[in-house]
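Under the working numbering, the first residue of the sequence shown carries the number 3, and numbering increases by one thereafter. Ideal Cβ positions, reconstructed from N, Cα and C, are used throughout, including at glycine. These numbers come from a predicted model, not from an experiment.
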Amino acid sequence: MPQFSPKAGVDCSSDRLDVHIHPLETAFSVANDAKGWQELDRHLAAAQVEVVAIEASGGCELQACHFLIERGYSVRLLNPYRVRLFAKAIGRLAKTDPIDAAVIAHFVAVVPTRPMVRHTTVEALAELVGARAQLLDQHTALSNQARWHHDATLRRISRRRETALKADINTLDRLIAARVAADPDLAAKNAILRSMKGVGPVLAHTLLALLPELGLLSRWQIAALVGVAPFDDNSGKRQGVRFIQGGRSSVRPPLFMAAMAAAKHNPVLKACSDRLRNAGKKPKVAIVAVMRRMLTILNAMLRDNAPWQNHAA
3 MPQFSPKAGV DCSSDRLDVH IHPLETAFSV ANDAKGWQEL DRHLAAAQVE
53 VVAIEASGGC ELQACHFLIE RGYSVRLLNP YRVRLFAKAI GRLAKTDPID
103 AAVIAHFVAV VPTRPMVRHT TVEALAELVG ARAQLLDQHT ALSNQARWHH
153 DATLRRISRR RETALKADIN TLDRLIAARV AADPDLAAKN AILRSMKGVG
203 PVLAHTLLAL LPELGLLSRW QIAALVGVAP FDDNSGKRQG VRFIQGGRSS
253 VRPPLFMAAM AAAKHNPVLK ACSDRLRNAG KKPKVAIVAV MRRMLTILNA
303 MLRDNAPWQN HAA
């Protein structure tokens, strides 16, 4: 048995997986299909690899991840931004697929990461919620463009497409609600989330699908994960303005809209917003603070399995 634990890094594209095993410095590539995954499994088993890191690549990596999890590997799905910063930090400025695979392998060997856990029901729900968000973006873009059409035919086409998109969004809304209601765990969490005034079905379903960590992390961790935690920007005598950065951008838009409503109609969150506005904070600073407060309360509600009236932040 070797005295080290080899780690594999995988750079994924739609048709190929580039693989590097650290510290053996073994490199190879396989097809990103069922046959290629089997070949990858044979190479990893021969090298006694247990941990495999794959950079998130827009979804083309997920089937390979699922295969490797089923084969018993500890799979780590990495944020490409963090991996790129790591590459620059160690002086790897060139960028090719084999180089990226080597950087990924080095990254997972020295940086603590969490294993990917499969939640089949949540994955299916996330696909639907993601599709709904895409349709909503298309509908919004089309509506904004249609306002400025002078040609009658273009206006008629735009109205027809808007109607079709709206029908598709409504279909997905019904399907998402049915999927949530059919799963006892998701249904129970949905009821808890919806008990907060200001949380509607869109935000509740988004949190269930795209933020499964809700209720499992600390208030600081969950805020940072979504990208609403303020970071200091101080150096020497300079006191910079705190800022937010990173996080799950797909969660923030529905959270922003819900926070806008809650800042007006939820007594606890309205008090938070009013206090900040009266202190001279800018409107967007105040609403981000409401988003963070809202999120941490929801996190505590799921943690304690308690609805709004019994929540503990």
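Look at residue i and residue j and say whether their C-beta atoms are less than 7 Å apart.
i           : j           : result
residue 303 : residue 264 : no
residue 171 : residue 130 : no
residue 22  : residue 33  : no
residue 16  : residue 62  : yes
residue 8   : residue 77  : no
residue 174 : residue 134 : yes
residue 111 : residue 24  : yes
residue 206 : residue 192 : yes
Rounding to the nearest angstrom, what Cα-Cα distance links residue i and residue j in this structure?
i           : j           : result
residue 49  : residue 75  : 13 Å
residue 150 : residue 157 : 9 Å
residue 94  : residue 276 : 49 Å
residue 183 : residue 230 : 29 Å
residue 203 : residue 211 : 12 Å
residue 195 : residue 101 : 44 Å
residue 283 : residue 257 : 20 Å
residue 187 : residue 214 : 12 Å
residue 47  : residue 310 : 49 Å
residue 19  : residue 41  : 11 Å
residue 153 : residue 169 : 25 Å
residue 217 : residue 59  : 27 Å
residue 238 : residue 142 : 45 Å
residue 337 : residue 269 : Outside the shown range of the chain (3 to 315) lies residue 337, about which nothing can therefore be said.
residue 128 : residue 117 : 19 Å
residue 64  : residue 155 : 42 Å
residue 83  : residue 224 : 19 Å
residue 66  : residue 38  : 9 Å
residue 132 : residue 234 : 32 Å
residue 280 : residue 298 : 23 Å
residue 91  : residue 97  : 14 Å
residue 307 : residue 301 : 10 Å
residue 255 : residue 185 : 25 Å
residue 240 : residue 36  : 56 Å
residue 176 : residue 125 : 17 Å
residue 136 : residue 285 : 28 Å
Below 8 Å on the Cβ atoms is my contact criterion, and I expect residue i with residue j to pass it. Report the Cβ-Cβ distance as a whole number of Å.
i           : j           : result
residue 123 : residue 80  : With 8 Å as the limit, residue 123 and residue 80 do not qualify as a contact, their Cβ atoms being about 24 Å apart.
residue 244 : residue 232 : 4 Å
residue 209 : residue 219 : Rounded, the Cβ-Cβ distance is 13 Å, inconsistent with contact.
residue 88  : residue 113 : 7 Å
Of all the CB atoms in chain B, is at least one closer than 7 Å to the CB of residue i?
i           : result
residue 171 : Protein chains in the displayed structure number just one, and chain B is not present.
Check the DSSP bridge columns for residue i and list the partner residues they point to.
i           : result
residue 57  : 80
residue 317 : An answer regarding residue 317 cannot be provided, because it is not within the stretch 3 to 315 covered by the chain.
residue 11  : 22 and 55
residue 28  : 23
residue 33  : 18
residue 275 : Looking at the DSSP assignment, residue 275 forms no beta bridge with any residue, so it has no partner.
residue 237 : 240
Can you name, in chain order, every residue of its own chain whose Cβ lies under 7 Å from the Cβ of residue i, other than the five neighbours on each side?
i           : result
residue 85  : 57, 105, 106 and 109
residue 119 : none
residue 140 : 167
residue 163 : 144
residue 27  : none
residue 13  : 20, 57, 99, 102, 103 and 106
residue 69  : 39
residue 197 : 309 and 310
residue 138 : 171
residue 146 : none
residue 272 : 265 and 266
residue 259 : none
Can you name, in chain order, every residue of its own chain whose Cβ lies under 6 Å from the Cβ of residue i, other than the five neighbours on each side?
i           : result
residue 148 : 160
residue 261 : 289, 292, 293 and 296
residue 11  : 22, 55, 103, 106 and 107
residue 73  : 43
residue 278 : 288 and 291
residue 236 : 242
residue 71  : 77 and 120
residue 305 : 217
Leaving aside the five residues before and after residue i along the sequence, list all residues of the same chain whose C-beta is less than 8 Å from its C-beta, in chain order.
i           : result
residue 267 : 199 and 200
residue 121 : 214
residue 247 : 229 and 233
residue 189 : 182 and 183
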